[in-house]
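*Asks:* Note that the sequence shown ends on residue 233 in the UniProt record's numbering; no numbers are left out.
Just dropping this structure here.
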Amino acid sequence: MTAGFAVCEAFPRQLEEMLDAMLEACPFARQTPQGVYGAMQKWLGLATQPALDPIRDVVRNHAVKHVPITAATMLFRNPVPMGELTTLGALGKLLGVSPERLVKAASALGMIPPSSRPRTGTVVTKSLKEPLAAFFRKLCSREEACQYLGTTPMVFKTLNIRNHLPRGYRIGGIWYSVADLERFLEALQGDAAFVNRPPPGSATILRAVRICHRASEEIIGGLLQGQIKATGR
1 MTAGFAVCEA FPRQLEEMLD AMLEACPFAR QTPQGVYGAM QKWLGLATQP
51 ALDPIRDVVR NHAVKHVPIT AATMLFRNPV PMGELTTLGA LGKLLGVSPE
101 RLVKAASALG MIPPSSRPRT GTVVTKSLKE PLAAFFRKLC SREEACQYLG
151 TTPMVFKTLN IRNHLPRGYR IGGIWYSVAD LERFLEALQG DAAFVNRPPP
201 GSATILRAVR ICHRASEEII GGLLQGQIKA TGR
């Protein structure tokens, strides 16, 4: 093996091609540094010769670029810097969200093709971390959504059944995006600006809907589209 590494050191491109072949031959479920590089990474971890440092650097860079890395991943008996790839389960731990809930969120947001049957071990790019973190920061429960809109659970349910409200995300219960609720209120009020609470006009319309939520689809639709002037009484 020492002789082989001497050849690889002289021809680094051949070493990279060999590492690519090892990655391609490794079953998807075993794509860890130990699974991909096998005895080679173990030997490089035990060997202490400084002459092997360039080889270790090539293998480490290859792992960071092509192998899913989690907080527990070890290479050469040392932790590996987080690379470009990770797993949904590892992302869940970083975000403080259960892996199952993260899988459902990534699927609901279209970050993972539905046909891929995502699991906690599904390999993803680390670039998903920020959009997923932003998504979870701006979620609210059904009760919080009712409070935000200033309506009752019964009216909320009625509007939801009639597909007037933004869709909820089924990720361990039903959760709503605050941004979607904001757009819903803006549509009621036009271009009125607001920060953390609904504009008065929207609340008035929703109060009117609350009064006649058992009424016909045309009445509710008219209220929501602003075609009927609500008095707020």
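Cβ coordinates follow ideal geometry from the N, Cα and C atoms, glycine included.
With a threshold of 6 Å on Cβ separation, who are the neighbours of D180 within its own chain once the five nearest residues in sequence on each side are excluded?
*Replies:* Stepping through the sequence shown from its first residue, residue 180 is reached at position 180. Counting only Cβ-Cβ distances below 6 Å, and skipping sequence neighbours, we find P166.
*Asks:* Within 10 angstroms of the Cβ of I220, are there 16 or more other Cβ atoms? Answer buried if so, exposed if not.
*Replies:* Residue numbering aside, residue 220 sits at position 220 when the sequence shown is read from its first letter. By the neighbour-count rule (16 or more Cβ atoms within 10 Å), I220 is buried.
*Asks:* For L139, report the span of its beta strand (DSSP E) as first-last.
*Replies:* Counting from one through the sequence shown, the residue named residue 139 turns up at place 139. Run containing L139: 139-141, per the beta strand (DSSP E) assignment.
*Asks:* Under three-state DSSP, which class holds I174?
*Replies:* Residue numbering aside, residue 174 sits at position 174 when the sequence shown is read from its first letter. I174 falls in the strand class under three-state DSSP.
*Asks:* Which residues share a DSSP beta bridge with Y169?
*Replies:* Here residue 169 refers to the residue found at position 169 when the sequence shown is read from its first residue. Y169 is bridged to W175.
*Asks:* For chain D, check one thing: does any of its Cβ atoms lie closer than 9 Å to the Cβ of Y148?
*Replies:* Here chain D cannot be found, since the structure has a single protein chain.
*Asks:* Confirm the yes/no value for this check: CB of A108, any heavy atom of the ligand NAP, distance under 8 Å.
*Replies:* The ligand NAP is not part of the structure shown, which contains no ligands of any sort.
*Asks:* Looking at the unbroken alpha helix (DSSP H) that takes in G89, where does it start and where does it end?
*Replies:* For this step, residue 89 is matched to residue 89 along the sequence shown. Looking at the DSSP string, the run of the alpha helix (DSSP H) that includes G89 is 88-95.
*Asks:* Would you mind reading off the limits of the alpha helix (DSSP H) that contains M154?
*Replies:* In the sequence shown, the residue the question calls residue 154 occupies position 154. M154 -> alpha helix (DSSP H) spans 153-161.
*Asks:* By the 10 Å Cβ neighbour count, where 16 or more other Cβ atoms means buried, how is G92 classified, buried or exposed?
*Replies:* Residue numbering aside, residue 92 sits at position 92 when the sequence shown is read from its first letter. Classification of G92: buried, given that the 10 Å Cβ count is 16 or more.
*Asks:* Going by other Cβ atoms of all chains shown within 10 Å of its Cβ, with 16 needed for buried, is L206 buried or exposed?
*Replies:* Residue mapping note: residue 206 aligns to position 206 of the sequence shown, counting from 1. Buried is the call here.
*Asks:* For F156 versus C140, is the C-beta distance shorter than 9 Å?
*Replies:* Indexing the sequence shown from 1 puts residue 156 at position 156. Indexing the sequence shown from 1 puts residue 140 at position 140. No, the pair does not count as a contact, with Cβ atoms beyond the cut-off.
*Asks:* Using the Cα positions of L88 and L109, report the straight-line distance between them to the nearest angstrom.
*Replies:* Stepping through the sequence shown from its first residue, residue 88 is reached at position 88. Stepping through the sequence shown from its first residue, residue 109 is reached at position 109. Cα-Cα distance, rounded: 14 Å.
*Asks:* Among T48, Q49, M22, which residue has its Cα nearest to the Cα of Y37?
*Replies:* Counting from one through the sequence shown, the residue named residue 37 turns up at place 37. Taking only the C-alpha atoms, the option nearest Y37 is M22.
*Asks:* Excluding the five sequence neighbours on either side, which residues of its own chain have a C-beta within less than 7 Å of the C-beta of V59, listed in chain order?
*Replies:* Reading the sequence shown from its first residue, position 59 is the one you call residue 59. Cβ within range, chain order: L19, Y37, Q41, L44.
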